[in-house]
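S.K.:
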Ligand SMILES: [Fe+2]
C-alpha cells in the first residue's frame, strides 16, 4: 500500500508540474493579441516548454511504477494503461504539428490566429483528458488496495 501511496503522490506531483505549464499556455491562448506576430512567438516559446516538459514527464511515467509496475500488480488495469501509454508519442507529434503551424505564420491574418488558437486548445484538451485518465487509474489502484471499490 505504501508503494501505491507513493505512486499516487508522485503522479499528483508530476501532473501538477505539467498542468502549470498547460495553465500558462491556456492563459496565452486567452490573451487578446495586440501584436499578432509577438503573440505567435510567445505561443511558440510556450509550445517548446510544453514539449520539453511532456517529453520528460512521459519518460518518468514510462519507466516508472505507473506503466511498468501497475500492469503487473493490477492486471485488470493493464489494457487501459497500454492504450494510454501508446498515446504519448501521438501527443508529442500533435505538439510538433501545432509548433510547425505557428512557425509558418510570419504576418498572420486574424483567421489564421483563430485557427492556431483552436489547434492549441485542442492540444490542451487532449493533454488534460489523458492526464485525467491516468489520475483515475492511479486512484482506482489506490482505492482497490485499501479495500474500497471492487
Ligand atoms: Fe501523465
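Numbering (my numbering), first residue to last: 32 to 181.
Don't be surprised by glycine CBs; every beta carbon is placed ideally from N, CA and C.
(1) May I ask which residues mark the beginning and end of the alpha helix (DSSP H) holding residue 93?
(2) Looking only at its chain, what residues have a beta carbon closer than 6 Å to the beta carbon of residue 151, apart from the 5 residues adjacent to it on each side?
(3) Looking at the unbroken alpha helix (DSSP H) that takes in residue 121, where does it start and where does it end?
(4) If you draw a straight line from the C-alpha of residue 55 to the C-alpha of residue 78, how long is it?
(5) Evaluate residue 142 with the Cβ neighbour count: other Cβ atoms within 10 Å of its Cβ, from every protein chain shown; 16 or more gives buried, anything less gives exposed.
(6) Within 7 Å: the Cβ of residue 63 and any heavy atom of ligand 1?
(7) Can you grab the Cα-Cα spacing for the pair residue 32 / residue 162, in whole Å?
(8) Between the stretch 67-87 and the stretch 97-109, do three or more beta carbon pairs fall short of 8 Å?
M.R.: With the structure as the only source:
(1) Per DSSP, the continuous alpha helix (DSSP H) segment holding residue 93 begins and ends at 67-94.
(2) For residue 151, where only same-chain residues beyond five positions count, the Cβ hits under 6 Å are 60, 129.
(3) Under the DSSP assignment, residue 121 falls in the alpha helix (DSSP H) whose first and last residues are 118-134.
(4) One C-alpha to the other measures close to 10 Å.
(5) Label assigned to residue 142: exposed.
(6) No, since every heavy atom of ligand 1 falls outside the 7 Å radius drawn around the Cβ of residue 63.
(7) Low confidence applies to residue 32: its pLDDT is 45, below 50, so where it sits in the model is not reliable enough to give any reading.
(8) Contact fails: fewer than three Cβ-Cβ distances are below 8 Å.
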